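Since the structure comes first, as structure tokens, the remarks are kept for the end.
Protein chains: 2
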Amino acid sequence: MGSLNDFDLPINDNISSNVNNPMDPEEFRRQGHMMIDFIADYYKNIEKYPVLSQVEPGYLKKRLPKSAPYYPESIETILNDVQDHIVPGITHWQSPNYYAYFPSSGSIAGFLGEMLATGFNVVGFNWMSSPAATELESIVMDWLGDMLRLPKSFLFSGNGGGVLQGTTCEAILCTLVAARDRTLNKIGKDNIGKLSVYCSDQTHCAFKKAAQIAGINMNNFRVIPTTLSSSFSMSPELLRKTIVADLEAGLVPTFLLATVGTTSTTAVDPLGPLCNVAKDYGMWVHVDAAYAGSVCICPEFRHFIDGVEGANSFSFNAHKWFFTTLDCCCLWVRDPAALTKSLTTDPEYLKNKATESKQVVDYKDWQIALSRRFRSLKLWLVLRSYGVEKLRGFLRSHVKMAKMFEGFLVADDRFEIVVPRNFATVCFRLSPSAISTKPVLYEINGTRRSSGGAEKALTVNEINAKLMDSINGSGRIYMTHSVVDGIFLLRFAVGASLTEESHVVTAWKVVKEHADAILSRYNTCEFGPGQ
Amino acid sequence: MGSLNDFDLPINDNISSNVNNPMDPEEFRRQGHMMIDFIADYYKNIEKYPVLSQVEPGYLKKRLPKSAPYYPESIETILNDVQDHIVPGITHWQSPNYYAYFPSSGSIAGFLGEMLATGFNVVGFNWMSSPAATELESIVMDWLGDMLRLPKSFLFSGNGGGVLQGTTCEAILCTLVAARDRTLNKIGKDNIGKLSVYCSDQTHCAFKKAAQIAGINMNNFRVIPTTLSSSFSMSPELLRKTIVADLEAGLVPTFLLATVGTTSTTAVDPLGPLCNVAKDYGMWVHVDAAYAGSVCICPEFRHFIDGVEGANSFSFNAHKWFFTTLDCCCLWVRDPAALTKSLTTDPEYLKNKATESKQVVDYKDWQIALSRRFRSLKLWLVLRSYGVEKLRGFLRSHVKMAKMFEGFLVADDRFEIVVPRNFATVCFRLSPSAISTKPVLYEINGTRRSSGGAEKALTVNEINAKLMDSINGSGRIYMTHSVVDGIFLLRFAVGASLTEESHVVTAWKVVKEHADAILSRYNTCEFGPGQ
Numbered sequence: 005m006g007s008l009n010d011f012d013l014p015i016n017d018n019i020s021s022n023v024n025n026p027m028d029p030e031e032f033r034r035q036g037h038m039m040i041d042f043i044a045d046y047y048k049n050i051e052k053y054p055v056l057s058q059v060e061p062g063y064l065k066k067r068l069p070k071s072a073p074y075y076p077e078s079i080e081t082i083l084n085d086v087q088d089h090i091v092p093g094i095t096h097w098q099s100p101n102y103y104a105y106f107p108s109s110g111s112i113a114g115f116l117g118e119m120l121a122t123g124f125n126v127v128g129f130n131w132m133s134s135p136a137a138t139e140l141e142s143i144v145m146d147w148l149g150d151m152l153r154l155p156k157s158f159l160f161s162g163n164g165g166g167v168l169q170g171t172t173c174e175a176i177l178c179t180l181v182a183a184r185d186r187t188l189n190k191i192g193k194d195n196i197g198k199l200s201v202y203c204s205d206q207t208h209c210a211f212k213k214a215a216q217i218a219g220i221n222m223n224n225f226r227v228i229p230t231t232l233s234s235s236f237s238m239s240p241e242l243l244r245k246t247i248v249a250d251l252e253a254g255l256v257p258t259f260l261l262a263t264v265g266t267t268s269t270t271a272v273d274p275l276g277p278l279c280n281v282a283k284d285y286g287m288w289v290h291v292d293a294a295y296a297g298s299v300c301i302c303p304e305f306r307h308f309i310d311g312v313e314g315a316n317s318f319s320f321n322a323h324k325w326f327f328t329t330l331d332c333c334c335l336w337v338r339d340p341a342a343l344t345k346s347l348t349t350d351p352e353y354l355k356n357k358a359t360e361s362k363q364v365v366d367y368k369d370w371q372i373a374l375s376r377r378f379r380s381l382k383l384w385l386v387l388r389s390y391g392v393e394k395l396r397g398f399l400r401s402h403v404k405m406a407k408m409f410e411g412f413l414v415a416d417d418r419f420e421i422v423v424p425r426n427f428a429t430v431c432f433r434l435s436p437s438a439i440s441t442k443p444v445l446y447e448i449n450g451t452r453r454s455s456g457g458a459e460k461a462l463t464v465n466e467i468n469a470k471l472m473d474s475i476n477g478s479g480r481i482y483m484t485h486s487v488v489d490g491i492f493l494l495r496f497a498v499g500a501s502l503t504e505e506s507h508v509v510t511a512w513k514v515v516k517e518h519a520d521a522i523l524s525r526y527n528t529c530e531f532g533p534g535q
Numbered sequence: 005m006g007s008l009n010d011f012d013l014p015i016n017d018n019i020s021s022n023v024n025n026p027m028d029p030e031e032f033r034r035q036g037h038m039m040i041d042f043i044a045d046y047y048k049n050i051e052k053y054p055v056l057s058q059v060e061p062g063y064l065k066k067r068l069p070k071s072a073p074y075y076p077e078s079i080e081t082i083l084n085d086v087q088d089h090i091v092p093g094i095t096h097w098q099s100p101n102y103y104a105y106f107p108s109s110g111s112i113a114g115f116l117g118e119m120l121a122t123g124f125n126v127v128g129f130n131w132m133s134s135p136a137a138t139e140l141e142s143i144v145m146d147w148l149g150d151m152l153r154l155p156k157s158f159l160f161s162g163n164g165g166g167v168l169q170g171t172t173c174e175a176i177l178c179t180l181v182a183a184r185d186r187t188l189n190k191i192g193k194d195n196i197g198k199l200s201v202y203c204s205d206q207t208h209c210a211f212k213k214a215a216q217i218a219g220i221n222m223n224n225f226r227v228i229p230t231t232l233s234s235s236f237s238m239s240p241e242l243l244r245k246t247i248v249a250d251l252e253a254g255l256v257p258t259f260l261l262a263t264v265g266t267t268s269t270t271a272v273d274p275l276g277p278l279c280n281v282a283k284d285y286g287m288w289v290h291v292d293a294a295y296a297g298s299v300c301i302c303p304e305f306r307h308f309i310d311g312v313e314g315a316n317s318f319s320f321n322a323h324k325w326f327f328t329t330l331d332c333c334c335l336w337v338r339d340p341a342a343l344t345k346s347l348t349t350d351p352e353y354l355k356n357k358a359t360e361s362k363q364v365v366d367y368k369d370w371q372i373a374l375s376r377r378f379r380s381l382k383l384w385l386v387l388r389s390y391g392v393e394k395l396r397g398f399l400r401s402h403v404k405m406a407k408m409f410e411g412f413l414v415a416d417d418r419f420e421i422v423v424p425r426n427f428a429t430v431c432f433r434l435s436p437s438a439i440s441t442k443p444v445l446y447e448i449n450g451t452r453r454s455s456g457g458a459e460k461a462l463t464v465n466e467i468n469a470k471l472m473d474s475i476n477g478s479g480r481i482y483m484t485h486s487v488v489d490g491i492f493l494l495r496f497a498v499g500a501s502l503t504e505e506s507h508v509v510t511a512w513k514v515v516k517e518h519a520d521a522i523l524s525r526y527n528t529c530e531f532g533p534g535q
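Taken in order, these protein sequences are the chains called Z and Y.
Going by my numbering, the first sequence opens with residue 5, and the numbers climb by one from there.
Going by my numbering, the second sequence opens with residue 5, and the numbers climb by one from there.
Printed below as a string of structure tokens:
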């Protein structure tokens, strides 16, 4: 492998433009077919790998050279290295045994759409730069809005409109900035320090970050507490109380983030009542349905977004649980002008007759970045390849598998469901009643400790954490956790596209085996091996 | 094509989880090979299409159904529609006859890297979520920083570090927020209205937008004027004067954006002297080398970023002129802690032992979004497939072709080079001396108008705009314009990966033919056809 030491060598000015072309179509074809086979084989063999990567920090630095090669390397060599050095460091989100975080559900159609977008490689910042990129996006967003039965006012056909963002974080930032500027235009730009914004203690951390980026005074970032008894849903009464107190303190309530399907427990905020409160104070409401939005294309789930007609904007991630590879966040707004007022740029080098005609959408003015990929292709391919019928079928099959897993838990009285399941994510733990109330001796880092009695709550959490680590360490399945109202829970999120019922049956076996081992270790006075 | 009218049909609860799997490996293989052939054929035939799409606003709505299909459609049907309905609405950025804006240079390696990233489809927000995604990114950013001879302090190996953002807009926003918070931590959060930021009138519009998003008071957004006589480069003296005046007015100078290769004319700001000024006032300097950064891997171009050692951060777009498909912006910072202080989130559901060990990078804290694609794969494939040698060769071949085009212009005294060429973009126009100084009658929208005399400057711009529209309307090549110091100029940006010398020769013929026609129409008293 070469080095950079030739940096000061004389320059060869006779370099011909006939160096092998980096986009030669026939070479593209040859290497492209190889890569398709590589990835198809990866999916075929994916269950052979531990789901959660088992490498140690710094593993890759030891395996790769210190600098870029000076001379070209063949695709064969590179693919060998991918197999030998990259695959071991992958946590296999596409594995059928992946139940962590939320799914990152791929599909053939999503993959092909991404290929097409990469192949055209247009920079669709405005209509002019590639009309199909803009027009397909508008069309697909109306299709999808229709599938979700969003209010007409969120669709282009009703003077609203949809846009594809990369992530929910960006969707939140854009709508927050629009809301911020709408308010500041009324009360004066100098009053940015007075704006207050609202969410619950279950809201995704993306909102806090967006507020920080947008220059909101973090002393005015209001977090409404939720409780297990109300399934972690935001209380409209508590929201109103908080707003009233803020108004009395001279603040200007500006923005509410409501969630349908929170990250920890897939809790659902009551959109209708919350929007009514926000309306009384002229606030912008954004609905973050990042995870659960997709399943609302099924009539039996649509009620979870009832009340969205009172909101100003709504988003969900097609890359989460809608078979559209990362990244693809669908955002609809009732008033596109509020977005574009804050986000429009108009430099000379982008001026063109189509924009001047005002007949076209220029999506650069609906998002943070100027450049944008042709993301609508993958969404279009997903909608067409599967159709509404199959998409509902896929989503329902995930819900059915989650129900099945829930059934296994319910039938085993050592486990408990921590919060009622809304979608395809089950939140559970080893029940306190399954864990001895007698003080139990165990050893951590060589120190003998005792559980039980006053320490019991802590112990239940500790034991559940141990159960999760033990399961994930096996590499057979992968789950993640959360802590709500002081309770450590395990999340079993069904949604990886390759997952079938047999995988869920196996997953339950894995959970049970590790639970058996953990309970037998910590529910007796015998010492297990050091932790 | 089905409709949504069945929304209220009874739900079939017996749906089996054995619906065809959307990721079936063998079906993936079959469809993947088809798509590779489709795209290879697209590249093979790309010169048959008009470079600039010639469709009218709303063309696609007329061709596509009003709603998503209810039943699945075959990939064959979809690909036919891509060919018939999407391709006509594409502006072919990958065409060898594309010279507009800046290149969006694809490559086989970049494409394959994107395929791999899409295939793994991991969400690499932190180390734990897929260690290879984080580690490869850190390694590749050090490789590339080394290739650019960035100061060691920008590399992980020197306690700085690099991160892949989607776009320069995001890189600017992140560094601006870091700089903003660094200053506010000293002077108090309530003083956000006092912060002032600096750029030139040639700086990309992304900076203004970032400042707006970050809550900077736009009354304190300072734009240093530049002139043709100094090739549109920012004056350190003028910068200092502006800063001093702002300090006297009670403002707090916070951030300077310097550019290497501006969008209009590829002007270069003098980094060394500008950083010296900024240093005197404790400001953050970000260097935006979005376009020109890549060519600085060639020793003969490296001097353009001399002085970068005085900056706080540096970015360039590998997706512009570095064969790495959209999106891939490389950002290095000297002080990662300044970034992560502003952008870190730490929710319970993402807590993990690797993060707690502080042995790992969690890139979510270096960017706006939480989710992130495995972008380093494509950059790694580009570096390895071509190596430093070929990459320099590709870039030099583009510069050589731009020089050749410049030579054609210089040899034809009807044209003039508006600003000296720095890289592979030539800024030119029909020279005022080539346009009759006698009043010339011509017709616009049926109204007879006269050029020449006092109106001459306007006429020169108008005639050059007509030249550009005429060329682009032909579909044979595509160029875009800018206006600097009142001068309308055409930009000929070489960099599409398929472009070879023969294309540039053809491009020159096209320009000449259209110039002949335009001049013969407007430089006589004969009326051409209506405009």
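A virtual CB, placed ideally from N, CA and C, is assigned to each residue, including glycine.
This one's a predicted model, so the numbers in the text were calculated from it and none came from an experiment.
Nearest residue (CA-CA) to residue i, options the options
| i | options | result |
| --- | --- | --- |
| Z:K324 | Y:L374, Y:G490, Y:C334, Y:G286 | Y:L374 |
| Z:S57 | Z:S99, Z:I217, Z:I522, Z:P73 | Z:S99 |
| Z:C334 | Z:N84, Z:R33, Z:S142 | Z:S142 |
| Z:S200 | Z:T246, Z:Q206, Z:Y63, Z:I82 | Z:T246 |
| Z:K52 | Z:V364, Z:V91, Z:E77 | Z:V91 |
| Y:P351 | Y:P257, Y:R33, Y:D284, Y:F129 | Y:F129 |
| Y:P436 | Y:V422, Y:R226, Y:W131 | Y:V422 |
| Z:A72 | Y:D41, Y:P277, Y:R153, Y:T344 | Y:R153 |
Limits of the unbroken alpha helix (DSSP H) element including residue i
| i | result |
| --- | --- |
| Z:Y575 | Coverage of chain Z is limited to positions 5 through 535, which leaves residue 575 of chain Z absent and any answer about it impossible. |
| Z:R431 | This sequence places Cys at residue 431 of chain Z; Arg is not what is there. Element bounds for Z:C431: not the alpha helix (DSSP H) but the beta strand (DSSP E), 429-434. |
| Y:Q35 | 29-49 |
Interface partners of residue i on chain Y, CB under 9 Å
| i | result |
| --- | --- |
| Z:V126 | I94, T95, H96, W97, Q98, S108, L330 |
| Z:P76 | R388, S389, Y390, G391, E393, K394 |
Counterpart residues of residue i in DSSP-defined beta bridges
| i | result |
| --- | --- |
| Z:S317 | Z:H290, Z:V337 |
| Z:F419 | Z:L434 |
| Z:C209 | Per DSSP, none; premise fails for Z:C209. |
| Y:F492 | Y:V487 |
| Z:N259 | A small fix is needed here, since residue 259 of chain Z is Phe in this sequence, not Asn. According to DSSP, which records beta bridges pairwise, Z:F259 is partnered with Z:V201, Z:W288. |
| Y:F225 | Y:V201 |
| Z:Q169 | Z:C333 |
Residues that residue i contacts on chain Z, provided the C-beta gap is smaller than 9 Å
| i | result |
| --- | --- |
| Y:N224 | Correct list: empty, because the minimum Cβ distance to chain Z is about 11 Å. |
| Y:W131 | P61 |
| Y:S134 | S57, G93, I94, T95, H96, W97 |
| Y:I196 | I196, G197, G219, N221 |
Neighbouring residues, chain Z, relative to residue i (Cβ below 7 Å)
| i | result |
| --- | --- |
| Y:D292 | Those do not exist, as Y:D292 stays about 12 Å from chain Z at its closest Cβ, beyond 7 Å. |
Under 7 Å from the C-beta of residue i: neighbouring residues of chain Y
| i | result |
| --- | --- |
| Z:T122 | F115, E118, T329 |
| Z:E241 | Result: empty, since nearest Cβ-Cβ is about 26 Å, beyond 7 Å. |
| Z:K156 | By Cβ distance, chain Y contributes nothing, its closest Cβ being about 13 Å from Z:K156, past 7 Å. |
Name the residues in the stretch 137-150 of chain Y whose C-beta lies less than 9 Å from a C-beta of chain Z; which are they?
Contact residues of the stretch 137-150 of chain Y toward chain Z are A137, T138, E139, L140, S142, I143, V144, D146, W147, L148, D150 (C-beta to C-beta distance below 9 Å).
Closer than 7 Å, Cβ to Cβ, to anything on chain Y: give me those residues from the stretch 342-355 of chain Z, in chain order.
Listed by position along the chain: S346, L347, T349, P351, E352, Y353.
Quick one: which residues of the stretch 280-305 of chain Y get their C-beta closer than 8 Å to a C-beta of chain Z? List them in chain order.
The residues in question are C302, P303, E304.
Short of 7 Å Cβ to Cβ, which residues in the stretch 32-46 of chain Z face chain Y?
Listed by position along the chain: F32, R33, Q35, G36, H37, M39, I40, D41, I43, A44, Y46.
Anything in the stretch 383-416 of chain Z with a Cβ closer than 7 Å to a Cβ of chain Y? List those residues in chain order, please.
From the stretch 383-416 of chain Z, only L385, L387, R388, S389, Y390, G391, V392, E393, K394, G397, F398, R400, S401, K404, M405 have a Cβ closer than 7 Å to chain Y.
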